[in-house]
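Reviewing the structure listed below.
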Amino acid sequence: MSEANILTPQGWIRGHLIHHEGKVTAIDGSPCDPADNDLPYLLPGFIDLHVHGGGGKDIMQGSEAFETIARTHMRFGTTSLLATTMTAPSAEIRDVLEQLGRYARQRPAGSARVLGVHLEGPYINPGKLGAQPNFAHTALLSEIEQYLELAPIRVITIAPEVAGHNDLIRALSARGIRMQIGHTLGSYEEGVAAMAAGATSFTHLYNAMSPLHHREPGIVGAALAHAQYAELIPDLLHVHPGAMRVALRSIPCLYCVTDSTAAAGMPDGEYKLGSHTVTKCLGGVRLPDGTLAGSTLTMDQALRNLVKIGLPLADASQRLSQFPADYLGLPERGRLQPGSWADSVRLDRALKLTAVMVEGEELDFQDA
1 MSEANILTPQ GWIRGHLIHH EGKVTAIDGS PCDPADNDLP YLLPGFIDLH
51 VHGGGGKDIM QGSEAFETIA RTHMRFGTTS LLATTMTAPS AEIRDVLEQL
101 GRYARQRPAG SARVLGVHLE GPYINPGKLG AQPNFAHTAL LSEIEQYLEL
151 APIRVITIAP EVAGHNDLIR ALSARGIRMQ IGHTLGSYEE GVAAMAAGAT
201 SFTHLYNAMS PLHHREPGIV GAALAHAQYA ELIPDLLHVH PGAMRVALRS
251 IPCLYCVTDS TAAAGMPDGE YKLGSHTVTK CLGGVRLPDG TLAGSTLTMD
301 QALRNLVKIG LPLADASQRL SQFPADYLGL PERGRLQPGS WADSVRLDRA
351 LKLTAVMVEG EELDFQDA
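Under the UniProt record's numbering, the very last position in the sequence shown is 368; numbers go up by exactly one each time.
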């Protein structure tokens, strides 16, 4: 692999990354300041914990869609992801999870690694569906245990104000599942209580949750005051840059997701989002009533957007790689150092993606 400015946990190294059998074995070089040369950047591969679709396909369409989605996001630098479900009838969720469980056991060549599942619904408040179909219901431990037998569920979005949900947060977080607060009308106090029960993050911060008011801080206030982690959609459409800056100052390990739909990587037109039909136009995806319905964002554009609003490149990179890996408890991903997975993205000085490597497989965009 040619010489580059390599971002490591210890800082920038001008040199070469060496890998064998999918893992980084060495980084050969010396400390540098990228401003002193014109070499490209080599960053850890992007990790997207909220992916509904891409390349014209939606996760809820089942196994025939998974590889298209994983290959599409790889082309934009995502080296691993969580397949994210929509709110749907239980039988439909079970069917998709069973297929995802089989798919996640392997990684087809030229594809991002599917690390597991983010169950975004159905345990949300029906009064704050956003673009979720109206199949919300109260969480039942027996139902979730059935789901856990089918697929590696790593993240569950839940509305804490629903009766019984804090007990579920406590039980499931003790089993290592990351419980996220989202699609909620909860109060500040209910958000804080959910965090005390074990909730560890917030789903697409600001969107589909009770807002911050100085006398009623809401769920947004609970996140800004207390959270270590939260996800944010940095497409400059879902959240104003000023609100992004507030979150970046307040939440130490704020990480970024795409919340991407089937429309990601595709031209304007109509696409599926669960049981909904959505329209891509003017850089966004919307329901017929104008409600934002996921995004068309890709992780390479997320990086450029973060730099555009003023983040140093190294900080922006952390929020797309190391922080989501840390959140899931995956120390061998999200960073470039000996022993880590050889997942990387190469960008030119304009931050245009020029190459990607997944678990040591160097991928040719022309064939992806």
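Ideal Cβ placement from N, Cα and C applies to all residues, glycine included.
Fair warning: this is a prediction, and the values are worked out from it, not measured in the lab.
Below 9 Å between beta carbons: does that hold for residue i and residue j?
{"i": "Thr157", "j": "Val117", "result": "no"}
{"i": "Thr296", "j": "Gly283", "result": "yes"}
{"i": "Val257", "j": "Ala247", "result": "no"}
{"i": "Ile153", "j": "Leu119", "result": "yes"}
{"i": "Ala197", "j": "Ser173", "result": "yes"}
{"i": "Gly22", "j": "Gly360", "result": "yes"}
{"i": "Asp38", "j": "Arg349", "result": "yes"}
{"i": "Leu232", "j": "His214", "result": "no"}
{"i": "Gly334", "j": "Phe323", "result": "yes"}
{"i": "Ala199", "j": "Met179", "result": "yes"}
{"i": "Gly171", "j": "Gly191", "result": "It is Ala, not Gly, that sits at residue 171 in the sequence shown. Not closer than 9 Å, so no."}
Among the options, which has the Cα closest to the Cα of residue i?
{"i": "residue 453", "options": "Asp259, Gln146, Ser275 and Ser321", "result": "Any property of residue 453 remains undetermined from this structure, which presents the chain solely from 1 to 368."}
{"i": "Tyr123", "options": "Arg154, Ala163 and Ala112", "result": "Ala163"}
{"i": "Ala159", "options": "Val285, Lys128, Glu332 and Thr8", "result": "Lys128"}
{"i": "Val278", "options": "Asp95, His52 and Arg14", "result": "His52"}
{"i": "Val155", "options": "Gly360, Gln337 and Gly329", "result": "Gly329"}
{"i": "residue 419", "options": "Ser317, Thr68, Ala197 and His165", "result": "Since the first and last residues shown for the chain are 1 and 368, residue 419 lies out of range."}
{"i": "His73", "options": "Ile47, Asp38, Glu189 and Gln106", "result": "Ile47"}
{"i": "Ala230", "options": "Leu115, Ile251 and Pro241", "result": "Ile251"}
{"i": "Thr78", "options": "Lys272, Gly45 and Gly242", "result": "Gly45"}
{"i": "His226", "options": "Met244, Ala112, Glu149 and Ser201", "result": "Ser201"}
{"i": "Glu92", "options": "His214, Ala139, Arg304 and Gly62", "result": "Gly62"}
{"i": "Asp28", "options": "Leu42, Gly22 and Ile13", "result": "Ile13"}
{"i": "Ala262", "options": "Tyr41, Asp36, Ile59 and Thr25", "result": "Ile59"}
{"i": "Val24", "options": "Arg71, Ala342 and Arg94", "result": "Ala342"}
{"i": "Leu115", "options": "Ser80, Leu140 and Gly265", "result": "Ser80"}
{"i": "Ala112", "options": "Tyr271, Glu270 and Phe76", "result": "Phe76"}
{"i": "Arg245", "options": "Leu224, Ala136 and Glu3", "result": "Leu224"}
{"i": "His183", "options": "Gly176, Ile177, Arg170 and Pro211", "result": "Pro211"}
{"i": "Ala65", "options": "Ile219, Ile144 and Lys272", "result": "Lys272"}
{"i": "Leu254", "options": "Asp315, Gly101, Asn305 and Cys281", "result": "Asp315"}
{"i": "Gly218", "options": "Tyr147, Glu161 and Pro126", "result": "Glu161"}
Assign residue i to one of two classes, buried (16 or more other C-beta atoms within 10 Å of its C-beta) or exposed (fewer than that).
{"i": "Met195", "result": "buried"}
{"i": "Asp326", "result": "buried"}
{"i": "Leu17", "result": "buried"}
{"i": "Glu362", "result": "exposed"}
{"i": "Lys57", "result": "buried"}
{"i": "Lys352", "result": "exposed"}
{"i": "Glu189", "result": "exposed"}
{"i": "Gln366", "result": "Residue placement at Gln366 is flagged as unreliable, the pLDDT there being 48, under the threshold of 50; a coordinate-derived value is accordingly withheld."}
{"i": "His50", "result": "buried"}
{"i": "Val358", "result": "buried"}
{"i": "Gly11", "result": "exposed"}
{"i": "Gln132", "result": "buried"}
{"i": "His20", "result": "exposed"}
{"i": "Gln106", "result": "exposed"}
{"i": "Glu216", "result": "exposed"}
{"i": "Pro288", "result": "exposed"}
Tell me the residue span of the alpha helix (DSSP H) that contains residue i.
{"i": "Tyr229", "result": "Taken as a continuous stretch (DSSP letters only), Tyr229 belongs to no alpha helix (DSSP H), being part of the beta strand (DSSP E) at Tyr229 to Leu232."}
{"i": "Met179", "result": "Taken as a continuous stretch (DSSP letters only), Met179 belongs to no alpha helix (DSSP H), being part of the beta strand (DSSP E) at Arg178 to Ile181."}
{"i": "Asn207", "result": "Where Asn207 is concerned, there is no enclosing alpha helix (DSSP H), given that its DSSP letter is neither H nor E."}
{"i": "Ser90", "result": "Ser90 to Tyr103"}
{"i": "Leu328", "result": "Gln322 to Leu328"}
{"i": "Glu67", "result": "Ser63 to Met74"}
{"i": "Val192", "result": "Tyr188 to Ala197"}
{"i": "Leu168", "result": "His165 to Ser173"}
{"i": "Ala243", "result": "Pro241 to Ser250"}
{"i": "Arg304", "result": "Met299 to Lys308"}
Residue range of the beta strand (DSSP E) that residue i falls in?
{"i": "Ile156", "result": "Ile153 to Ile158"}
{"i": "Leu347", "result": "Ser344 to Leu347"}
{"i": "Asn134", "result": "No beta strand (DSSP E) contains Asn134, which DSSP labels as neither H nor E."}
{"i": "Tyr147", "result": "Not the beta strand (DSSP E): Tyr147 falls in the alpha helix (DSSP H), residues Leu141 to Leu150."}
{"i": "Met357", "result": "Leu353 to Val358"}
{"i": "Ser80", "result": "Thr78 to Thr85"}
What whole-angstrom Cβ distance do residue i and residue j have, given they're in contact under 8 Å?
{"i": "Asn5", "j": "Pro34", "result": "4 Å"}
{"i": "Thr8", "j": "Leu336", "result": "5 Å"}
{"i": "Ala293", "j": "His276", "result": "7 Å"}
{"i": "Ala151", "j": "Gly274", "result": "17 Å between Cβ atoms; not a contact."}
{"i": "Leu168", "j": "Ala139", "result": "5 Å"}
{"i": "Leu43", "j": "Val345", "result": "5 Å"}
{"i": "Gly265", "j": "Gly54", "result": "5 Å"}
Would you check whether the ligand MN has a heavy atom nearer than 8 Å to the C-beta of residue i?
{"i": "Ala194", "result": "The ligand MN is absent from the structure shown, which contains no ligand whatsoever."}
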